[in-house]
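Using this note's numbering, count along the sequence shown one by one with no gaps and you end on 456.
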Amino acid sequence: MARKPSFDYNLIVIGSGAAGSPAASIAAQAGKKVAVIESDIFGGESPNWGDIPVKALLHATQLYDEAKQGSRFGIRSTALGYNFMSFKAWKDVAIKRTGAGNNRKYYEKQGIDTYHSLAHFLSPHEVSISRQTLSAEQFLIATGSSWTIPSIVGLDQTPYYTPKTILNVTRPPKSLLIIGGGSNSVEFAQLFAILGTKVYIAEKASRLLPSEDQEAGELIARTLTEDKGVTVLTQSRILSVQKDGLAKRVTYTRGGVEKSVRVDEILVTAGRTPAVDIGLENATVAYTPSGIEVDDYLQTSAHHIFAAGDVLGSKKYLHTALLESRIAANNLLHKQKAKPDYTAMPNITFTFPGVASVGMNEDDCHRRDLDINKSLAPLNMTARSNTSDFRDGFVKLISDKKGVILGATIVAPHAGEMIHELALAVKYNMTSTELANTPHAFLSWSEAIRIAASRL
Ligand SMILES: Cc1cc2nc3c(=O)[nH]c(=O)nc-3n(C[C@H](O)[C@H](O)[C@H](O)COP(=O)(O)OP(=O)(O)OC[C@H]3O[C@@H](n4cnc5c(N)ncnc54)[C@H](O)[C@@H]3O)c2cc1C
Numbered sequence: 001m002a003r004k005p006s007f008d009y010n011l012i013v014i015g016s017g018a019a020g021s022p023a024a025s026i027a028a029q030a031g032k033k034v035a036v037i038e039s040d041i042f043g044g045e046s047p048n049w050g051d052i053p054v055k056a057l058l059h060a061t062q063l064y065d066e067a068k069q070g071s072r073f074g075i076r077s078t079a080l081g082y083n084f085m086s087f088k089a090w091k092d093v094a095i096k097r098t099g100a101g102n103n104r105k106y107y108e109k110q111g112i113d114t115y116h117s118l119a120h121f122l123s124p125h126e127v128s129i130s131r132q133t134l135s136a137e138q139f140l141i142a143t144g145s146s147w148t149i150p151s152i153v154g155l156d157q158t159p160y161y162t163p164k165t166i167l168n169v170t171r172p173p174k175s176l177l178i179i180g181g182g183s184n185s186v187e188f189a190q191l192f193a194i195l196g197t198k199v200y201i202a203e204k205a206s207r208l209l210p211s212e213d214q215e216a217g218e219l220i221a222r223t224l225t226e227d228k229g230v231t232v233l234t235q236s237r238i239l240s241v242q243k244d245g246l247a248k249r250v251t252y253t254r255g256g257v258e259k260s261v262r263v264d265e266i267l268v269t270a271g272r273t274p275a276v277d278i279g280l281e282n283a284t285v286a287y288t289p290s291g292i293e294v295d296d297y298l299q300t301s302a303h304h305i306f307a308a309g310d311v312l313g314s315k316k317y318l319h320t321a322l323l324e325s326r327i328a329a330n331n332l333l334h335k336q337k338a339k340p341d342y343t344a345m346p347n348i349t350f351t352f353p354g355v356a357s358v359g360m361n362e363d364d365c366h367r368r369d370l371d372i373n374k375s376l377a378p379l380n381m382t383a384r385s386n387t388s389d390f391r392d393g394f395v396k397l398i399s400d401k402k403g404v405i406l407g408a409t410i411v412a413p414h415a416g417e418m419i420h421e422l423a424l425a426v427k428y429n430m431t432s433t434e435l436a437n438t439p440h441a442f443l444s445w446s447e448a449i450r451i452a453a454s455r456l
């Protein structure tokens, strides 16, 4: 009888971010011999150079901004100032508190072996790491993604930042041009504009936040322009960049007219490229430059190899990566396989006001030729709008003709919290009548949800 091949590990997880971490822990708890390989800082993007540092800085800067505008509430704010290095120190405290940054010990405490190295497949069951070969019965690829660097003339010879590096600045730049107008771009635009940076955003689509509902992108553009002096250059294509003394000159076309602007710094936030350059051919794992190909169960073309998180190239959110990691762990360990359910994944932009959406937006429904009803409740219809002196923003609901909620978009001070009620509605096929008949506490922003639902 042929002997079962022996491997160094039952499971090797490549990448220690949100898509790798839960699966490694679940497998270790199930008694499997597990290793995690990480080429950068353990913990991956979210705690080290992504969500957590940026949200900690946004919280501090938005607080500063609100206090500056506090005279209307009776707050004396003439002597208010900030210290950028103290903001950064706060960010470091926030990262430390999560315990998720630089967390190699977290794995080791669970009996998981860790390797700090770049992993590369040599064969379907072997990876090389710094002059060593490791073998495993099964693998989870959770290598994430990096920022796409657009092919713009001169960009390779001009210093620029990405969201991964811009947090290293020791003072806010005097001026900053952000290439890309998505969620990360507008968060950075607001953050630096509050700190006094003159910000430009160049986006090739006709609005900011192109994957959100039109009204949301337009409102955020208006807020950034009118309140923060940001110059929003939608429908713009960057042609070239070049050094101009200590600054940079950026040339772009807008409405058929060529223009240029001189800025101190450039930030590139124009999409993500999945990290697929890990010898996938040697492992017989099918992939494209847009990501690793998996079936509904997150299984790749090599049946003992699963993949999860940003490396799949589809939804790039932390909560998606976590969900996929748990599902992949189940499917690696058990015969009874599960599928990730993406129907009610919230999308959030943490500007002030925030933008949050779930399910389908109007563009999605038009693309699918769906017959829909929609309603929009401006936030200023709620009493809370008066007591907080905040009048912009809205709740928009979309339903099918029977009233079943298909999607929602919120622009509001606490949009990221309010959206979960609507995520439940989308996930469990609730109707607008059910939402409208649910009591919503007086003086909450969520009253706007009830108003939008009753209008449907
Ligand atoms: C500025 C910013 C803000 C964000 N804000 C939010 C937010 O508010 N909410 C949200 O849901 N999402 C947010 N995201 C997205 C979120 O961070 C990602 O979706 C999530 O972290 C992806 O997890 P992952 O495990 O797939 O990838 P990662 O966390 O990137 O982990 C992949 C790891 O694999 C390692 N690796 C790559 N190749 C190899 C190799 N060959 N060998 C060994 N190791 C390798 C990498 O070094 C990395 O540590 C934000 C992202 C950024 C950049």
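Glycine residues also receive a C-beta, built at the ideal position from the N, C-alpha and C atoms.
Check: Lys-105 C-beta below 7 Å from any heavy atom of ligand 1:
no
Sufficient close CB pairs (3 or more, under 8 Å) joining the segment 9-27 to the segment 36-50
yes
What are the complete alpha helix (DSSP H) segments, minimum 4 residues, inside the segment 29-82?
45-49 and 51-68
Kindly examine ligand 1 and report whether one of its heavy atoms sits closer than 7 Å to the Cβ of Gly-354.
no
Is Ala-283 near ligand 3, judged by its Cβ being under 7 Å from some heavy atom?
In terms of ligand content, the structure shown lacks ligand 3 and carries ligand 1 instead.
Classify Ala-472: buried if its beta carbon has 16 or more other beta carbons within 10 angstroms, exposed otherwise.
Nothing can be reported for residue 472, as the shown portion of the chain is limited to 1 through 456.
Is Gln-190 near Leu-224, with beta carbons less than 8 Å apart?
yes
Three or more C-beta pairs below 8 Å linking the segment 320-331 and the segment 290-307:
yes
Give the single residue among Ala-100, Gly-255, Thr-143 and Lys-68 whose Cα lies nearest to the Cα of Ser-39.
Thr-143
Counting Cβ pairs, one atom from each stretch, are 3 or more of them under 8 Å apart for the segment 19-28 and the segment 325-339?
yes
If I follow the unbroken beta strand (DSSP E) through Glu-126, where does it start and stop?
126-129
Is it right to say Phe-192 is buried, meaning 16 or more other beta carbons lie within 10 angstroms of its own, or is it exposed?
buried
Could you pull the start and end residues of the alpha helix (DSSP H) that Ala-452 belongs to?
447-455
Less than 8 Å separating the beta-carbons of Thr-409 and Lys-427?
no
Kindly indicate which residue of Ala-283, Ala-79 and Ala-67 has the alpha-carbon position closest to the one of Leu-140.
Ala-283
Three or more C-beta pairs under 8 Å: does that hold for the segment 161-180 against the segment 195-204?
yes
Hey, is Ile-348 close to ligand 1, as in C-beta under 7 Å from one of its heavy atoms?
yes
Ligand 1 and Thr-253: does the residue's C-beta get closer than 7 Å to at least one heavy atom of that ligand?
no
Can His-319 be considered in contact with ligand 1, in the sense that its beta carbon sits closer than 7 Å to one or more heavy atoms?
yes
Per-residue burial, Ala-286 [other beta carbons within 10 Å of its own, 16 or more giving buried]
exposed
Gln-235 in three-state terms, based on DSSP
coil
Can at least three beta-carbon pairs, one atom from the segment 411-420 and one from the segment 445-454, be found at a separation below 8 Å?
yes
Residue environment, Phe-73, which counts as buried when at least 16 other CB atoms sit within 10 Å
exposed
Please determine, among Ile-152, Ala-100 and Ile-292, the residue with the shortest C-alpha to C-alpha distance to Val-268.
Ile-152
To which residues of the same chain is Ser-388 closer than 8 Å at the C-beta, ignoring the five residues directly before and after it?
Pro-413
Closer than 7 Å: is that where the CB of Thr-387 sits relative to any heavy atom of ligand 1?
no
Grouping DSSP H, G and I as helix and E and B as strand, with all else coil, what is Gly-271?
coil
Coarse secondary structure for Pro-22, derived from DSSP in three states:
helix
Is Gly-20 near ligand 1, going by C-beta to nearest heavy atom under 7 Å?
yes
Return the chain-ordered list of same chain residues with a C-beta closer than 7 Å to the C-beta of Ile-372, the five sequence neighbours on each side being excluded.
Cys-365, Ile-398, Ser-399, Asp-400 and Leu-406
How many Å lie between Pro-53 and Arg-76 at the Cα?
29 Å
Would the C-beta of Glu-126 count as close to ligand 1, meaning under 7 Å from any of its heavy atoms?
no
Using three-state DSSP, classify Phe-306 as helix, strand or coil.
strand
Look at Val-250 and Ile-266 and say whether their C-beta atoms are less than 8 Å apart.
yes
Selected residue, minimal CA-CA separation from Ser-146, among Gly-154, Ser-290, His-59 and Phe-188:
Ser-290
Closer than 8 Å is the cut-off here; do at least three beta carbon pairs connect the segment 53-62 with the segment 24-37?
no
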